[in-house]
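Protein chains in written order, with our numbering: chain P, 6 to 603; chain Z, 12 to 390.
Backbone N, C-alpha and C define an ideal beta-carbon position, used for all residues, glycine too.
In structure tokens:
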């Protein structure tokens with residue numbers, strides 16, 4: 006559990022990081038796209054609506070201006086011949102015929118009295134302080150929206166001779182609006198200078214003109230868009246009450262040239278910004294899908310990324326806990342694989358270090374034992390020599406069959422045996438502790454392993470013949486190694502004798518004893534192996550076979566110092582020695598690695 | 012927790028706080044002025060429901076609205092010459108004393124008064140002055156003769172018509188006054204009208220360019236001024252706002268020039284007259300006057316605003332101090348209906364000055380005899 010928690014946390018953290026990495030750009034881009042789409046659509050809706058009402062306004066104005074100019078020309082013409090009744094009749098008839106929107110037409114005298122034509126509204130202003138005439142406000146006459154065009158008829162000298170009053174029917178506004186191609190839910194409305202609707206596109210479908218054209222209440226103060234239009238002298242847009250309104254005030258500073266009115270294009274926001282809404286929806290869907298996909302991929306990659314890490318953690322746990330089972334190596338991509346390799350390498354080094362430390366500790370302990378043993382051996386050796394000498398002397402003085410002779414022989418053989426042990430102890434203690442370099446020697450230590458092994462073969466031949474073991478020596482081309490030749494010889498002879506004895510111990514005849522030397526991997530050391538077909542070294546003994554006085558032989562067959570001396574010689578030369586199974590799991594194989602001489 | 016309570020409180024207040032009624036304002040601002048006015052009101056947080064009336068129909072529409080007593084605004088901006096007609100009809104209410112006692116310039120205060128009684132607040136002062144570029148020599152004096160001398164001296168290949176002016180009765184006033192006449196309640200006073208019109212008409216095609224078609228006066232003037240064809244331009248402050256390089260402009264007085272302006276008045280039928288006067292006070296505040304002066308070169312009406320106005324406006328104000336108002340009677344604005352076409356006929360050569368002035372006299376006689384309760388309307 007303790008090892009799993011950080012791994013799980015890492016997985017979630019990786020997942021969160023990946024989620025954020027996906028979420029932030031997705032949301033940012035999505036929001037930007039939505040805002041951009043909204044802004045673009047709003048701008049285009051505004052532009053489109055303004056362009057529409059601008060065009061409608063121009064069309065309205067052109068119709069009005071045509072009528073105004075025609076009536077002005079007629080008034081001026083009439084003023085130059087004001088007294089000709091027949092010409093006046095002709096003029097009025099032509100006006101009615103050529104200006105379709107002229108519904109009523111009258112001529113007033115300068116005082117405002119009607120002298121000819123249709124009736125005019127009472128109290129009609131005849132153009133005072135209006136720079137020669139005006140187009141009045143929209144009004145409803147008999148249910149029809151109309152405006153009155155007042156044109157002062159002045160003579161050659163500029164003197165006022167009469168006033169032309171034309172009632173212009175605004176049905177053309179209705180007709181124009183009815184032809185407008187509007188978007189969904191959109192309407193176009195024309196209001197006069199007081200905010201009273203003159204015509205609206207949505208009032209026209211299927212409704213008799215008499216019905217829609219009833220005088221309506223002013224929308225001023227009730228419709229913010231109308232208020233804005235009336236208050237402005239320009240065009241603009243307004244989004245209020247769920248509607249988008251584009252307005253344009255068509256009032257002219259010179260009222261003679263236009264009507265006080267405004268034109269408005271209104272559309273519910275829902276329809277006006279449908280494209281923006283669709284874009285928002287699509288963006289959300291696509292963004293959500295992309296986000297979900299990114300999160301799923303993130304989860305997948307997070308798991309995949311952390312799985313080898315979890316394995317590494319378990320690996321590290323196993324290493325830390327000193328699990329006897331070698332955990333399998335961790336494979337992973339890139340840095341993770343590299344990290345696994347490094348951990349394996351680190352574990353191996355830690356194990357080596359621990360082994361080294363144990364060996365050092367054991368070595369120190371053994372060194373102390375060795376020193377003490379050497380001292381004891383030295384002290385024992387002299388009296389033992391005396392004992393042996395006197396035992397042999399006494400033996401020589403006894404005739405064959407003397408009852409003491411057997412005892413004396415036993416004393417002598419045991420004394421010989423004790424000398425052998427003492428000699429081994431002295432040999433162990435005599436090995437120098439630093440690199441196998443004799444104190445008197447100068448210069449680099451080196452030897453030719455091939456020559457040493459050949460010499461060893463010659464030395465071992467008589468003994469192997471007795472044990473009927475088959476010796477093979479295989480020396481590949483190797484570099485000189487950094488150990489004294491006699492030390493190497495001692496090591497190999499010791500290992501070979503042990504092997505021969507082991508094979509003889511199981512009564513194996515014709516067992517193979519192989520000695521080989523070849524470059525170690527890396528090329529900086531030489532590997533020497535001594536392999537036999539004997540019973541091998543049990544795994545539980547392998548860690549102890551190099552300890553002094555450890556032996557599996559009978560008490561009279563070994564002192565338990567041979568392998569200890571070998572290890573001492575090898576390690577002091579900077580090498581390693583280890584034991585394992587022989588080829589095919591048979592016998593034993595001692596592997597000695599010694600550094601090459603530099 | 013406190014924040015949430017505050018938000019709840021604010022939301023609650025915003026939902027239930029009564030919104031002040033918008034002040035209904037009828038005005039005759041031009042297009043640019045209207046937009047600046049709207050923006051200014053938004054900036055200052057004043058709820059206004061404005062409606063604009065084309066200047067050329069302002070007197071008609073205002074009369075119609077005030078006499079109908081429906082749709083009555085709380086405040087009206089109007090030409091100073093319309094004041095007498097509205098006061099005569101009993102349609103206006105006097106301003107509060109506190110507003111009257113502000114530091115009005117005398118020329119502005121005069122516009123807002125009739126026979127010593129205040130009927131509104133002056134919003135701008137205008138009239139005819141002479142504009143020239145700073146490196147153009149000033150006329151020796153404001154007199155028309157000196158202006159004509161300077162004008163003729165300025166004539167060159169580029170400045171074939173160095174005098175800028177309009178075929179308009181308002182421009183006729185200085186020549187009429189110079190000839191000893193005057194626009195009077197009963198018509199043209201004095202015998203110099205024919206001589207004045209002859210003199211004035213003769214300038215067109217001589218030192219002044221032939222008149223453009225009706226309605227094209229302003230663009231024609233601006234084009235000529237920007238092309239440096241005009242050395243001396245008889246015009247009003249209303250054109251200053253349309254000129255770009257105001258720092259290069261000098262202003263001098265024109266002898267006998269008419270002076271006028273615009274007023275802010277509150278009708279008797281106003282539903283919220285106090286709000287109307289409050290808005291009038293706001294529009295004549297130093298801050299707003301300074302803003303309009305900066306944006307449109309509108310000559311302020313408050314002394315402090317004039318003192319702190321750009322140099323061009325101070326020069327304009329000084330030039331206008333020597334000008335004189337037109338008769339403060341209801342018929343005055345109507346007189347120009349006949350004067351304008353008469354002058355145009357003479358300039359065009361369609362009529363002699365004698366014929367034109369005779370026609371004007373007949374027209375004015377008719378106007379003054381009718382003495383309409385509603386100016387200009389048919390009896």
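Along chain Z, which residues have their Cβ under 7 angstroms away from the Cβ of residue 199 of chain P? In chain order: 82.
Alpha-carbon to alpha-carbon, residue 497 of chain P and residue 395 of chain P: Residue 395 of chain P and residue 497 of chain P: Cα-Cα distance of roughly 37 angstroms.
For residue 455 of chain P, which of P:472, P:533, P:186 has the nearest alpha-carbon? Cα-wise, what sits closest to residue 455 of chain P is P:533.
Within the chosen definition, does the segment 75-95 of chain P reach the segment 31-45 of chain P through at least 3 CB pairs nearer than 8 angstroms? Too few Cβ pairs lie closer than 8 angstroms, so no.
Per DSSP, what are the beta-bridge partners of residue 254 of chain P in this structure? Paired residue(s): P:267.
Taking C-beta to C-beta, are residue 3 of chain P and residue 280 of chain P nearer than 7 angstroms? Only positions 6 to 603 of chain P appear in this structure, which leaves residue 3 of chain P out of reach.
Given that residue 373 of chain Z touches chain P, what residues does it touch there, using C-beta distances under 7 angstroms? Under the 7 angstroms cutoff, chain P gives 164.
On a Cα-Cα basis, can you pick out the residue from Z:175, Z:155, Z:167, Z:162 that is closest to residue 187 of chain Z? The candidate whose alpha carbon is nearest that of residue 187 of chain Z is Z:155.
To the nearest angstrom, report how far apart residue 308 of chain P and residue 16 of chain P are at their CA atoms. Between residue 308 of chain P and residue 16 of chain P, the C-alpha separation is close to 6 angstroms.
Let me confirm a value: residue 164 of chain P is counted as buried when at least 16 other C-beta atoms fall within 10 Å, else exposed. Which label applies? Around the Cβ of residue 164 of chain P, a 10 Å sphere holds 16 or more other Cβ atoms; the residue is buried.
When you compare each of P:302, P:296, P:349, P:299 to residue 322 of chain P by their alpha carbons, which one comes out closest? The shortest Cα separation from residue 322 of chain P among P:302, P:296, P:349, P:299 belongs to P:349.
7 angstroms Cβ cutoff, residue 134 of chain P in contact with chain Z: Closer than 7 angstroms: yes.
CB contact below 7 angstroms: residue 215 of chain P versus chain Z: Model confidence at residue 215 of chain P stands at a pLDDT of 46, short of 50, so the residue's coordinates are unreliable and nothing is read from them.
Every unbroken alpha helix (DSSP H) inside the segment 79-161 of chain Z [4 residues or more]: DSSP runs (the alpha helix (DSSP H)) wholly in the segment 79-161 of chain Z: 94-99, 108-111, 117-122.
Contact belief for residue 274 of chain Z with residue 91 of chain Z at Cβ below 8 angstroms, rounded distance in angstroms: Rounded, the Cβ-Cβ distance is 5 angstroms, consistent with contact.
Please list, in chain order, all residues of the same chain as residue 223 of chain P whose beta carbon is under 7 angstroms from its beta carbon, the five residues on each side excluded. Residues 199, 200, 201 of the same chain have their beta carbon placed closer than 7 angstroms to that of residue 223 of chain P, with the five preceding and five following residues left out of the count.
Helix or strand or just coil, what does DSSP make of residue 260 of chain Z? Secondary structure at residue 260 of chain Z: strand, using DSSP grouped into helix, strand and coil.
On a CA-only basis, which of P:193, P:576, P:94 is nearest residue 489 of chain P? Give me that one, please. Considering only alpha carbons, the answer is P:576.
Output the distance between the C-alpha atoms of residue 213 of chain Z and residue 329 of chain Z, rounded to the nearest integer angstrom. Going from the Cα of residue 213 of chain Z to the Cα of residue 329 of chain Z covers about 30 angstroms.
Compare the C-beta of residue 380 of chain Z against all C-beta atoms of chain P and say whether one is closer than 7 angstroms. Not one chain P Cβ lies under 7 angstroms of residue 380 of chain Z.
What separation, rounded to the nearest whole angstrom, lies between the Cα atoms of residue 506 of chain P and residue 486 of chain P? Cα-Cα distance, rounded: 28 angstroms.
How about residue 158 of chain P: is its Cβ closer than 6 angstroms to a heavy atom in the ligand ZN? For the ligand ZN, the structure offers nothing, since it holds no ligand at all.
Can you tell me the Cα-Cα spacing of residue 246 of chain Z and residue 142 of chain Z, whole angstroms? C-alpha separation (whole angstroms): 7 angstroms.
Taking 7 angstroms as the CB-CB cut-off, is residue 256 of chain P touching chain Z? The beta-carbon of residue 256 of chain P is placed less than 7 angstroms from the nearest beta-carbon of chain Z.
Is it buried or exposed for residue 283 of chain P, if we count other Cβ within 10 angstroms and need 16 for buried? Answer is exposed; the Cβ neighbour count stays below 16.
Cα-Cα separation, residue 513 of chain P to residue 493 of chain P: Whole-angstrom Cα-Cα distance: 27 angstroms.
Give a yes or no on whether 7 angstroms exceeds the smallest Cβ distance from residue 261 of chain Z to chain P. So, not an interface residue.
Could you tell me which of Z:108, Z:113, Z:60 sits nearest to residue 87 of chain Z, measuring between CA atoms? The shortest CA-to-CA distance from residue 87 of chain Z to any of Z:108, Z:113, Z:60 is the one to Z:60.
Classify residue 553 of chain P as buried or exposed, calling it buried when 16 or more other Cβ atoms lie within 10 Å of its own Cβ. Buried, because 16 or more other Cβ atoms sit within 10 Å of the Cβ of residue 553 of chain P.
Just the C-alpha distance for residue 113 of chain P and residue 119 of chain P, rounded to the nearest angstrom, thanks. Inter-residue distance for residue 113 of chain P and residue 119 of chain P is about 4 angstroms (C-alpha atoms, whole angstroms).
Cutting at 7 angstroms between CB atoms, please list the residues of its own chain near residue 210 of chain P, excluding the five before and the five after it. Bear in mind that the predicted position of residue 210 of chain P carries a pLDDT of just 43, short of 50, making it unreliable; the figure below should be weighed with that in mind. Its chain contains no residue whose beta carbon lies nearer than 7 angstroms to that of residue 210 of chain P once the 5 sequence neighbours on both sides are disregarded.
Just to make sure I have the definition right: I need the residues of chain P whose C-beta is within less than 7 angstroms of the C-beta of residue 366 of chain Z. Which are they? Result: 162.
Along the chain, where does the beta strand (DSSP E) that runs through residue 297 of chain Z open and close? Unbroken run through residue 297 of chain Z is the alpha helix (DSSP H), 297-307; no beta strand (DSSP E).
Beta-carbon contacts of residue 314 of chain Z that lie in its chain and below 8 angstroms, excluding the five residues immediately before and after: Excluding residues up to 5 positions away in sequence, 114, 115, 116 lie with their Cβ nearer than 8 angstroms to the Cβ of residue 314 of chain Z in the same chain.
What residues in the segment 235-248 of chain P bring their beta carbon closer than 9 angstroms to a beta carbon of chain Z? Under the 9 angstroms Cβ criterion, the segment 235-248 of chain P contributes 235, 236, 237, 238, 239.
Quick one: is residue 170 of chain Z buried, meaning 16 or more other Cβ sit within 10 Å of its Cβ, or exposed? Residue 170 of chain Z is buried by the Cβ-count criterion.
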